[in-house]
Amino acid sequence: MNRIILLPLTLLIVFGAFAGELAKGSKLYQEHCASCHGVDRAGTVAPPLLPLFLKKIPEKKLIKIIKNGLPATQMPAFPNLSENDIKEIIAYIKTPSKIVWSDEKISNSIQIKKNYKKKLPVKNIKNIVAVVERGHQKVWIMEKTKILDKFNFRNVHGGLKFSPSGWKIYVPSRDGWVGRYDIDKGGFFGKVRACVYLRNISLDRTGRYILVSCWLPKSIVILDAENFRPVKFINQEGLISAVYELYSQNKAVFTFRDKPLIGFLDTKNFSINYKKIKEPYEDFFIDPFERYIVGTSRKGTLLTVYDIKSGEEIFSYPIEGMPHLASATYWYKDGKFLFATPHIGKPYITVWQMYNWKFIKKINIKGNGFFVRTHPTTPYLWTDNGRDRVILVDKNDYSVRSIETIKGKRVIHTEFSGDGNLAYVSLYNKDGALLIYDSITLKLVKKIPASIPIGKYNIINKSRKYAPFLLGKEVFLAKCWGCHHQTQEAFGPSFRWIVNHRNRDIIISHIMNPEVTYRQLGYKRNAMPRLNLSKEELEAVVSYMMEFKNAEDN
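Note that this note's numbering has the sequence shown beginning at 15, numbered continuously upward.
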């Protein structure tokens with residue numbers, strides 16, 4: 015009986031002491047930390063101090079940061095605080111906190127700087143590459159091998175996005191900030207804080223709205239892309255994996271890590287239609303023609319294909335190791351559309367066939383890779399395996415070779431210039447570098463010192479609206495190159511001439527039924543063979559052709 019009474023008393027004493035510690039920690043926090051990190055710990059000029067952000071930081075490191083400050087940042091030292099005081103602050107900031115976010119907070123966070131310099135000397139917007147240098151908290155604006163400008167932006171997370179024209183770049187941070195750099199004006203426009211913890215951003219297909227997926231609070235935030243004003247705040251009940259726009263219709267798609275649902279967001283009226291699936295998609299991508307969603311289950315044991323039109327999962331395949339589908343890449347070869355994906359924690363990438371969905375091959379890369387990329391200009395899949403070499407997989411026979419970089423450095427993430435002639439590779443170290451290779455000869459063109467360079471972004475390679483264009487180039491090389499040139503007349507008229515003299519429907523009709531339409535086009539005889547293209551091949555090659563509308567010779 016005594017033991018039954020004694021236990022609750024002991025717990026009351028322990029909880030009472032802990033509550034007192036938290037109360038003191040709260041008082042010390044408000045006195046020393048709130049002016050920068052916010053009264054509610056959601057962050058203002060300094061990052062949030064919440065369990066979600068602090069769980070991976072050891073207590074010893076937190077004590078050192080508070081005691082000594084952080085060099086080259088606004089974090090000051092607090093040498094007058096005792097170690098016990100610091101521990102009480104740490105105990106307080108590691109407790110859960112209810113964060114209330116609102117349109118008012120978003121509006122009050124808007125910082126319009128218009129830090130414009132002179133207009134950048136851009137030769138071709140489609141070859142602009144934005145590089146995130148995490149170590150120095152900067153973003154570079156590059157064209158080919160030249161750095162045109164740099165600007166500061168902290169904690170970049172979730173991927174940069176280009177406006178439809180490519181002349182504006184939107185940059186998200188993990189702690190909820192979204193900034194914009196205006197390439198056409200040569201400078202940083204400003205930033206807004208959409209939420210406390212951000213997952214990723216997207217733009218609607220018109221570029222009018224910024225779509226922000228958030229984990230804290232759980233929500234989708236719609237911002238005006240021009241002035242950053244909040245348009246709509248949509249609460250959610252789960253953790254969003256990512257939100258991506260559709261270029262072919264006024265919709266965006268998102269999934270949840272912890273709920274078996276797909277959300278279809280109408281980007282005109284902001285209503286959401288939810289569709290049930292068997293398991294949550296922790297990671298996913300939308301196919302190049304926006305007919306399917308390719309997702310992976312939360313446990314990473316299945317790769318699943320969801321048909322957007324029918325609302326059904328039409329393909330599922332068991333696979334060990336979670337596919338990193340957001341880092342997948344696709345290409346066209348021998349009449350087939352293919353994609354490759356790395357697998358988290360596994361020493362291989364896998365290759366899959368799209369549309370006639372099937373598993374093709376597992377390729378050993380002898381290390382845990384995180385990204386795989388390709389471009390029609392290169393014969394290789396470029397991937398990493400956590401070591402100091404670039405791993406190249408031949409797209410013809412899947413043989414593997416590598417490029418030696420710098421011993422002991424870690425290679426990560428390849429991206430290409432818009433024309434595909436250059437490959438940008440990161441050496442992910444504090445004393446790292448951005449390596450620029452000729453994508454055909456594989457020769458190192460330039461090495462630029464950089465501190466923890468990570469993501470590289472180019473509008474042609476990172477905007478899905480250009481995916482059919484890239485695939486169409488490969489269809490063109492396989493099916494059309496014998497008779498047509500892109501800009502010069504060959505056996506047949508150039509693509510540039512065709513798209514500037516015929517509408518899209520006539521072009522499609524002539525490709526599909528040349529023996530019927532040649533008279534309609536004014537020819538005396540038919541010289542064009544029937545190509546018997548699949549609907550995906552047809553859509554790809556026409557998308558490629560349409561890029562030459564009003565194009566100049568270069």
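Glycine included, each C-beta is placed from N, C-alpha and C at the ideal position.
- The alpha carbon of Thr159 has as its nearest neighbour, out of Lys137, His171, Leu174, the alpha carbon of Lys137.
- Here DSSP, grouped into helix, strand and coil, assigns Gly486 to helix.
- Within the region 379–452, there are no complete alpha helix (DSSP H) runs of at least 4 residues.
- Judged by DSSP in its simplified three-state form, Asp198 adopts coil rather than helix or strand.
- Contact between Ile113 and Pro231 holds: CB atoms are separated by about 6 Å, below the 8 Å threshold.
- Apart from the 5 residues on each side of it in sequence, Lys375 sits with its Cβ closer than 8 Å to the Cβ of Thr364, Val365, Tyr412 in its chain, given in chain order.
- Taken through DSSP and simplified to helix, strand or coil, Ser121 comes out as helix.
- With fewer than 16 other Cβ atoms inside 10 Å of its own Cβ, Cys497 counts as exposed.
- Asn98 sits in a helix when the DSSP states are folded into three classes.
- Straight-line spacing of the CA atoms in Asp196 and His171 works out to 19 Å.
- In this structure, the beta-carbon distance from Leu162 to Pro186 does not fall below 8 Å.
- In this structure, the CA atom of Phe176 is about 20 Å from the CA atom of Ser255.
- DSSP, reduced to helix, strand and coil, places Met542 outside both helices and strands of the structure shown, so it counts as coil.
- If only uninterrupted beta strand (DSSP E) runs of at least 3 residues are considered, those enclosed by the region 170–243 are 182–186, 191–196, 201–207, 211–217, 223–230, 232–238.
- Here the region 294–309 lies against the region 338–349, with 3 or more beta-carbon pairs under 8 Å apart.
- Below 8 Å, too few C-beta pairs join the region 522–536 and the region 441–461 to call them touching: fewer than three.
- If only complete runs of 3 or more residues are kept, the region 286–367 shows the beta strand (DSSP E) at 286–290, 295–300, 306–311, 316–321, 326–332, 343–347, 350–356, 362–367, in order along the chain.
- Counting along the chain, Ala554 sits inside the alpha helix (DSSP H) bounded by residues 549–560.
- With a 10 Å radius around the Cβ and a threshold of 16 neighbouring Cβ atoms, Lys538 comes out exposed.
- For the options Gly180, Ile307, Glu259, the alpha carbon positioned closest to that of Asp218 is the one of Glu259.
- Comparing alpha carbon positions, the residue from Glu118, Val210, Ile420, Glu73 closest to Asn98 is Glu73.
- When only Cα atoms are considered, Val513 and Ile521 end up about 8 Å apart.
- Counted as a single uninterrupted DSSP element, the stretch harbouring Ile512 is not any beta strand (DSSP E) but the alpha helix (DSSP H) occupying residues 509–515.
- The C-alpha of Ile104 lies about 9 Å from the C-alpha of Leu63.
- The distance from the Cβ of Val319 to that of Ile328 is about 6 Å, consistent with a contact at the 8 Å cut-off.
- Excluding its 5 nearest sequence neighbours in each direction, Val386 has C-beta neighbours in its own chain below 6 Å: Thr343, Ala354, Pro356, Ile363, Leu395, Thr397, listed in chain order.
- Contact between the region 117–129 and the region 195–210 is present: 3 or more CB-CB pairs across the two stretches fall below 8 Å.
- Within its own chain, the residues whose Cβ lies closer than 6 Å to the Cβ of Asn249, once the five positions on either side in sequence are excluded, are Ser233, listed in chain order.
- Under a 10 Å Cβ-count criterion, Phe505 is classified as exposed, with fewer than 16 other Cβ atoms of the shown protein chains found around its own Cβ.
- Nearest neighbour of Val407 by Cα position, chosen from Ile379, His427, Val489, Arg518, turns out to be Ile379.
- Straight across, the Cα-Cα distance linking Lys75 with Gly314 is about 33 Å.
- Going by C-alpha positions, Gly277 is about 45 Å away from Pro507.
- Annotation: Ala144 to Cys228 spans about 23 Å, alpha carbon to alpha carbon.
- The beta carbon of Lys457 sits closer than 8 Å to those of Tyr451, all from its chain and outside the five residues before and after it, given in chain order.
- For the set Lys487, Asp272, Ile291, Ala266, the Cα lying nearest the Cα of Lys282 is the one of Ala266.
- Per DSSP, reduced to three states, the secondary structure at Gly39 is helical.
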